[in-house]
Amino acid sequence: MIRPKIKKSLSDLFPDEKIVVDTVPRGKQGDYSTNLAFLLASKRNDSPINIANEIAPKIKIPAISRIYVEKPGFVNFEIDRNYLLKHIYENELSFNIDNSRRVLIEFVSANPTGPINIVSARAAAVGDSLVRLLNKVGYDAHSEYYVNDTGKQAEMLAISVAQRIREIHGETPEIPENGYHGKYLIPLAEDIAAQGDIKADKLKEYSINYFVENHRKTLSRFGVTFECWSRESDIRAKQYPETALKKLKNTGKTFEQDGAIFFRATDFGDNRDRVLITSDQRSTYLLNDLGYHIHKIERKYNQLINLLGPDHHGQIKGLIGGIEAMGYPAEFIKIIIIQHVSFKKEGKAVSMSKRTGEIFTLDELIDQVPKDVIRFFFLMRSCSQHLDFDIDLALKQTDENPVYYVQYAHARIMSIIKHGLDQGIDISAEPELGLIEQPEEINLAKHIARYDEVLEDAARAFEPFMVTYYLLDLARIFHYFYQKVKVVSEDKGLSRARIFLIQKAAQVFKQGLDILGISCPDKM
RNA sequence: GCGCCUGUAGCUCAAACGGAUAGAGCGGCGGGCUUCGAACCCGCAGGCUGGGGGUUCAAUUCCCUCCAGGCGCGCCA
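Residue numbers 1 to 524, in the UniProt record's numbering, belong to the letters of the first sequence in order.
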């Protein structure tokens, strides 16, 4: 990484300043810039441009060949060409920004009362990519799926399935109003009916397992696998909710009212106190969830990340407050809200409700749109951004999806390298880096060198989409380079040097797309 | 009513921690293959960053207010 080297050199000169090193906008001199002169200006009561001119000559950094001062006071640094190429040549594209972090990322966790619908697809894409990204930068990150297999909705599922079985036997089904009316229960009911009678008390377990397996298969088609599937029934059987309740009671942050036990969540910034045990002595979702989080922490994780939909934001304060009250640092847990996706079809919004049975399943979407396209689409947006997904657009115009733009760049490179081999270029030979000097070549090299910086930024922000944008930029720069520079020519030494450069680009494409969970074919 | 998110080009979106002339893709118009992959490249058009006020050397970014949209606000999960 070049950026931290600049920052360190500046910090050594001015240890008291909060120095920012940024990239330079297009069209300006230099590659990286600092705001240092602005910071000093207010303290010294002088103009930023004067200070910039004063400090610029004092800065000596091996990676930097030239320093420019730009109005109104930026100090810009140009990377030394030889340093840059050597840096790329020696960089193995693997690094550690923090190897002490053991991270558990819980995401999707859809209720096993029906097929996964496309609302969960965004969380699946982001969560899976986040696991890959964090592992790539040196964290020890793992994926987790929480199965809500107890409680009222599980009961309601069993009741609804029982009615569908009656229907198969020629009777009129009577699914309760708040039951599950979707036709997707019919294959399950047929499956059960074909096996003869399953006892009523086994119906719930069987149905839950059916959908858990269904979720696992669907997500696997989407390229998403979970290392751990935790079950609420297991958490309960191991008495984690009771443990959580005991811990909370010990802190004095609970109270009784109307026969129920409350958690004093308002002490932790919540807008109301939250029920832990209802007046009819059932544990609430919050208490079970707190128990579940004890279970996570007991597994030696020091960073828990939960991806939630925007409809869950109301429960964040209660959960974090509860974890804090139980004596764990609040920073242990990070909640990421993945904003709402609006699906549109034939120009109008698609409404989805599992209870009424109006759903568009993830399986149906994958049947029609390649998973690479779907994932890329979701990973082009920041999590905090609402997102419109036009299904017709995805179905009809997949060729225009930018994912192909990136994949094409990689395939093009592989084709050029093959061509080079056919022309007798020895790609095992040491490249003569000094031959790389065209502006388009240097620009490509500079962008390759930024890869690990982008990964660091994306990992610290928990935002895989930053990788997506980087890859689109790199593809654009490569395609332009291709237009201007002939890689394979009569000059074997030059050809070898240029192949080295595009090989590095290909490695970045491959690894970057892998972080996004998107394939990277050699031919298209 | 309260809380969270959002408002940037015709459309979909960028612009990390406040920085330089607010950038891409799609769509529109005009160019470019005898040459390593045209799923590509180049150029043009298109913006009071929802309105107004404030803080700052500097605001798309922070604060206030108004307007518009989305999602929440159970002893449900």
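Backbone N, C-alpha and C fix where the C-beta goes; we use that ideal spot for every residue, glycine too.
A quick note: this is a predicted structure, and the numbers were derived from the prediction, not measured.
Between N288 and I235, the C-beta gap is smaller than 8 Å, which places the two residues in contact. Where K136 is concerned, the enclosing alpha helix (DSSP H) starts and stops at 121 to 136.
Scanning H169, F107, V75 for the CA closest to the CA of E54 turns up V75. Residues of the same chain with a CB within less than 8 Å of the CB of I6, apart from the 5 flanking positions on each side, are V21, Y32, T34, I61, A63, I64, F77 in chain order. Taking 4 residues as the shortest admissible run, the UniProt domain "DALR anticodon binding" (406 to 524) contains the following complete alpha helix (DSSP H) segments, listed from N- to C-terminal end: 439 to 449, 451 to 461, 465 to 484, 492 to 516.
Shown here, L93 sits in coil according to DSSP, grouped into three states, outside any helix or strand. Shown here for E432: same chain residues with a beta carbon closer than 6 Å to its own, the five before and five after excluded, namely G493, A497 in chain order. Exclusion of the five residues before and after I427 leaves I499 as the residues of its chain whose Cβ lies within less than 6 Å of its Cβ.
DSSP places E190 in the helix class (H, G or I) of the three-state scheme.
Counting along the chain, V350 sits inside no alpha helix (DSSP H), nor does DSSP assign it H or E at all.
Out of T150, V485, I515, E331, the CA that lies nearest to the CA of D452 is found in I515. Segment contact: the region 43 to 52 against the region 401 to 418, fewer than three CB-CB distances shorter than 8 Å; contact not assigned. Annotation for H295: the continuous alpha helix (DSSP H) segment containing it runs 285 to 298.
Boundaries for H142: no alpha helix (DSSP H) harbours it, while the beta strand (DSSP E) harbouring it runs 140 to 147, taken from the DSSP string.
Judged by DSSP in its simplified three-state form, S220 adopts helix.
Taking the Cα of R26 as reference, the smallest distance to any Cα among I502, N443, V485, A505 is reached at N443. Counting every other CB atom within 10 Å of its CB across the protein chains shown gives G424 a total below 16, marking it as exposed. Cβ contact annotation for F478 (same chain, cutoff 7 Å, sequence separation greater than five): A409, L444, A505, in chain order. Within a 10 Å sphere around the beta-carbon of A237 sit fewer than 16 other beta-carbons, which makes this residue exposed.
Its Cα nearest to that of R460, the residue K334 stands out among K334, H312, D267.
For E232, no beta strand (DSSP E) encloses it; the enclosing alpha helix (DSSP H) starts and ends at 232 to 237. Counting only the Cα atoms, Q385 lies some 20 Å from V131. The three-state secondary structure of E227, taken from DSSP, is coil.
For the 8 Å CB-CB criterion, L104 and Y301 form a contact. In the DSSP assignment, T113 falls outside any alpha helix (DSSP H) and carries neither an H nor an E.
With a threshold of 16 other beta carbon atoms within 10 Å, M326 meets it and is buried. In the displayed model, R44 falls within a helix according to three-state DSSP. Short of 7 Å from the beta carbon of I413, and not among the five residues preceding or following it, lie these beta carbons of its own chain, in chain order: I502, A505, A506. Sixteen is the threshold: when 16 or more other Cβ atoms of the shown chains lie within 10 Å of the Cβ of F343, as they do, the residue is buried. For D311, the closest alpha carbon among the candidates V119, A56, M1 is that of V119. Counting other Cβ atoms within 10 Å of its Cβ, E232 reaches 16 or more and is therefore classed as buried. In the same chain as E155, and ignoring 5 residues on each side of it, the C-beta atoms closer than 8 Å to its own belong to K204, in chain order.
Counting along the chain, R274 sits inside the beta strand (DSSP E) bounded by residues 274 to 277. Counting every other CB atom within 10 Å of its CB across the protein chains shown gives Q303 a total of 16 or more, marking it as buried.
In the pairwise beta carbon analysis, the region 361 to 373 is classified as not touching the region 268 to 288: fewer than three pairs are separated by under 8 Å.
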